[in-house]
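Counting from 1, position 58 in the sequence shown corresponds to residue 58 in UniProt numbering; the numbering is continuous, with no gaps. Note that CB positions come from ideal geometry on N, CA and C, so glycine has one too. See structure below.
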Amino acid sequence: MKFSILIAHYNNATFFKDCFHSIIKQTYHNFEVIIVDDCSKESEKQAIKRLIANDERFFFYKNENNKGVGYTKKKCAELATGDILGFLDPDDALVPDALEESIEVFKNKNIIAAYSQFYICSSDLIPQKLFANSRKVKNKQKKFLNLDFEVNHFFTFRKTEYEKTDKINEHLTSSVDQDLYLKLYEEGDFHFIKKGLYLYRIHENGISQNKNNKENLYKNWHLVLYDALKRRELRKIFNKNIDEIKNLPSYLYKKRNTLFFKIIRKSYNIIP
């Protein structure tokens with residue numbers, strides 16, 4: 001099976017060096033890397049091109065205008081020629097056997113997607129701890145919305161199954177991964193790899209870590225949850241019509257207001 005590593009890039013050339021070196025150290029060699037640049041500075045684009053120039057497995061594409069992460073990730077998936085796809089952020093990295101461990105799962109034809117544990121790392125990409133919430137989820141649960149972030153990095157999936165969905169919402173500017181997870185969850189069985197395969201870097205410029213993006217996150221995550229509930233024909237949640245709920249993430253977390261969820265909300269800076 002051929003693996004396609006998908007990278008949506010925007011002005012991240014400095015951190016991409018670690019990402020690149022983690023890719024070329026993979027123990028599984030049948031892969032391609034699709035990089036789509038979302039109109040970065042010219043110096044950033046050239047830095048990426050220089051780094052990948054001597055490896056024919058890397059392919060560099062660019063948006064002529066800044067389109068946003070939803071559009072760029074959707075384009076990555078469209079350009080991929082592999083059987084199995086997986087997104088890797090340019091400021092993050094993979095452990096050496098990440099592809100090998102993932103490919104092994106897909107020998108089971110009933111599995112359409114797999115996800116692992118991941119390491120939370122310092123700005124220098126030094127692992128600090130495993131993300132505590134990653135765990136096996138039950139398949140075929142109509143009300144599963146990944147509210148606990150159980151499904152997370154490293155997420156890999158069959159392209160044939162992705163094509164059956166309405167694909168990534170290109171208008172999203174955040175919560176793109178959550179949108180992808182929920183759409184694929186509706187298509188078949190997920191498998192949990194109880195091993196850290198992904199290195200998630202915490203740094204001050206990280207989009208998901210930036211408190212200034214809170215309003216945008218609310219808006220996009222609400223849309224992702226709303227669309228998922230509509231697809232599943234769940235018109236009510238906690239006995240309330242979803243059309244009457246202006247902020248689904250906030251509403252759902254308040255309904256499940258335990259100490260555990262308070263900690264999650266604080267760590268993700270998503271709910272006041």
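Per-residue DSSP class, three states only, for R134: Position 134 of the sequence shown, counting from 1, holds the residue named residue 134. As written in the sequence, residue 134 is Ser, which differs from the Arg given in the question. Coil, per DSSP.
Status (buried if at least 16 other CB within 10 Å, exposed otherwise) for F238: Walking along the sequence shown from the start, residue 238 turns up at place 238. In the assembly as shown, F238 is an exposed residue. Its beta-carbon has fewer than 16 other beta-carbons within 10 Å.
Test item: CB-CB of I103 and I84 under 8 angstroms: In the sequence shown, residue 103 corresponds to position 103, counting from 1. In the sequence shown, residue 84 corresponds to position 84, counting from 1. Here I103 is near I84, since their CB atoms are less than 8 angstroms apart.
W221 to V151 span [Cα, whole Å]: Numbered from its first residue, the sequence shown carries residue 221 at position 221. Numbered from its first residue, the sequence shown carries residue 151 at position 151. Spanning the two alpha carbons is a distance of roughly 15 angstroms.
The stretch 91-102 / the stretch 162-175 touching (three or more Cβ pairs under 8 angstroms): Output reads no: the stretch 162-175 does not touch the stretch 91-102.
Other residues of its chain near S122: CB distance less than 8 angstroms, five sequence neighbours each side excluded: Translated into positions along the sequence shown, residue 122 becomes position 122. Excluding residues within five positions, the ones whose Cβ falls inside 8 angstroms are Q128, R201 and I202.
Sheet register partners of H9 (DSSP bridge): As a first step, residue 9 is located in the sequence shown; it is residue number 9 there, counting from the start. In the DSSP assignment, H9 forms a beta bridge with D37.
Residue burial classification, S22 (beta-carbon count within 10 angstroms, cutoff 16): Taking the first residue of the sequence shown as 1, we reach residue 22 at position 22. By the Cβ neighbour-count rule, S22 is buried, with 16 or more other Cβ atoms within 10 Å of its own.
For Q26, three-class secondary structure by DSSP: Counted from its first residue, the sequence shown places residue 26 at position 26. DSSP, read as helix, strand or coil, puts Q26 in coil.
Counted within 10 angstroms of its Cβ, other Cβ atoms place R50 as buried (16 or more) or exposed: On the sequence shown, position 50 is the one that residue 50 refers to. Label assigned to R50: exposed.
Status (buried if at least 16 other CB within 10 Å, exposed otherwise) for A98: Translated into positions along the sequence shown, residue 98 becomes position 98. For A98, the number of other beta carbons within 10 angstroms of its own is at least 16, and it is reported as buried.
Meets three-Cβ-pair contact criterion under 8 angstroms: the stretch 112-120 and the stretch 186-193: In this structure the stretch 112-120 touches the stretch 186-193; the number of beta carbon pairs closer than 8 angstroms is three or more.
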